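Trainee:
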Amino acid sequence: MSHRFIRPFAALLFAAFAASAVAQQAAPAAAAAPSAAPVPKHDCVKPGEFPGNLASDRAKTAWQKDYVAYVDCLKKFIDEQQALAEPHVKASNAAISEYNAGVKEYNDQIKKAKGD
Numbered sequence: 778m779s780h781r782f783i784r785p786f787a788a789l790l791f792a793a794f795a796a797s798a799v800a801q802q803a804a805p806a807a808a809a810a811p812s813a814a815p816v817p818k819h820d821c822v823k824p825g826e827f828p829g830n831l832a833s834d835r836a837k838t839a840w841q842k843d844y845v846a847y848v849d850c851l852k853k854f855i856d857e858q859q860a861l862a863e864p865h866v867k868a869s870n871a872a873i874s875e876y877n878a879g880v881k882e883y884n885d886q887i888k889k890a891k892g893d
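In case it helps, my numbering puts the sequence shown at residues 778 to 893.
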C-alpha cells in the first residue's frame with residue numbers, strides 16, 4: 778500500500794471504530810426506552826348515540842349534558858398532556874438548534890479550509 782492511501786484508510790478505520798463504540802454506548806439508552814411509563818389514556822365517558830328527534834326533550838337535554846361533559850373532559854386531558862410534554866418539546870427544540878448551529882459551524886469551517 779502506498780503512503781498516499783495509508784492516512785485515508787487509517788482515518789476510515791478510526792471512524793468505523795468510533796462509530797461502533799458510540800453505537801455500543803447508545804444501546805443501553807435505547808433499551809431503556811421501552812420500559813418507560815405507558816402512554817396515558819383519557820378516562821372520559823363518551824355519551825351514547827343521540828336520542829333522535831322522536832325522543833323527549835328531557836332525553837335530548839340529558840344527552841347534551843353528557844356530551845358537554847365528555848368534550849370538557851377531553852379538553853382537560855389534552856391540556857394536561859400538553860403541559861407535561863412542553864418541557865420535553867423545549868429541550869428537544871434546544872437540542873435541534875444546537876445541532877443545526879454545530880453543523881453550520883462545521884460546514885463554514887470546511888468551506889473556509891477549501892478557500893471558497
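We put the CB at the ideal spot given by N, CA and C, even for glycine.
In this text the structure is predicted, and so the values were computed from the model without any measurement.
CB-CB under 8 Å to residue 790, same chain, minus the five flanking residues each way: which ones, in chain order?
Mentor: Taking the first residue of the sequence shown as position 1, residue 790 is located at position 13. Because residue 790 carries a pLDDT of 49, less than 50, the predicted location of this residue cannot be relied on, and the following value inherits that uncertainty. Cβ within range, chain order: n/a, list empty.
Trainee: Does the segment 844 to 860 come within contact of the segment 819 to 828, defined as at least 3 CB pairs closer than 8 Å?
Mentor: Output reads yes: the segment 819 to 828 touches the segment 844 to 860.
Trainee: Measure the C-alpha to C-alpha separation of residue 813 and residue 825 and round it to an integer number of angstroms.
Mentor: Here the question's residue 813 lines up with position 36 in the sequence shown. Here the question's residue 825 lines up with position 48 in the sequence shown. When rounded, the distance between both Cα atoms is 34 Å.
Trainee: Hey, would you say residue 828 sits closer than 7 Å to residue 842, going by beta carbons?
Mentor: Here residue 828 corresponds to residue number 51 of the sequence shown, with the count starting at 1. Here residue 842 corresponds to residue number 65 of the sequence shown, with the count starting at 1. Going by C-beta atoms, residue 828 is not nearer than 7 Å to residue 842.
Trainee: Between residue 856 and residue 834, what straight-line distance do the alpha-carbon atoms span, to the nearest angstrom?
Mentor: As a working mapping, residue 856 is identified with position 79 in the sequence shown. As a working mapping, residue 834 is identified with position 57 in the sequence shown. Cα to Cα, the separation comes out at about 33 Å.
Trainee: Hey, quick one: how far does the alpha helix (DSSP H) through residue 832 stretch, first residue to last?
Mentor: Within the sequence shown, the letter at position 55 stands for residue 832. No alpha helix (DSSP H) holds residue 832; DSSP gives it neither H nor E.
Trainee: What is the rounded straight-line gap between the Cα of residue 816 and the Cα of residue 872?
Mentor: Walking along the sequence shown from the start, residue 816 turns up at place 39. Walking along the sequence shown from the start, residue 872 turns up at place 95. Cα-Cα distance, rounded: 23 Å.
Trainee: Is DSSP giving residue 820 helix, strand or coil here?
Mentor: In the sequence shown, counting from the first residue as 1, residue 820 sits at position 43. Reduced to three states, the DSSP call for residue 820 is coil.
Trainee: Looking only at its own chain, which residues have a Cβ that is under 7 Å from the Cβ of residue 870, when we skip the five neighbours before and after it?
Mentor: Residue mapping note: residue 870 aligns to position 93 of the sequence shown, counting from 1. So the list is empty, once near-sequence residues are dropped.
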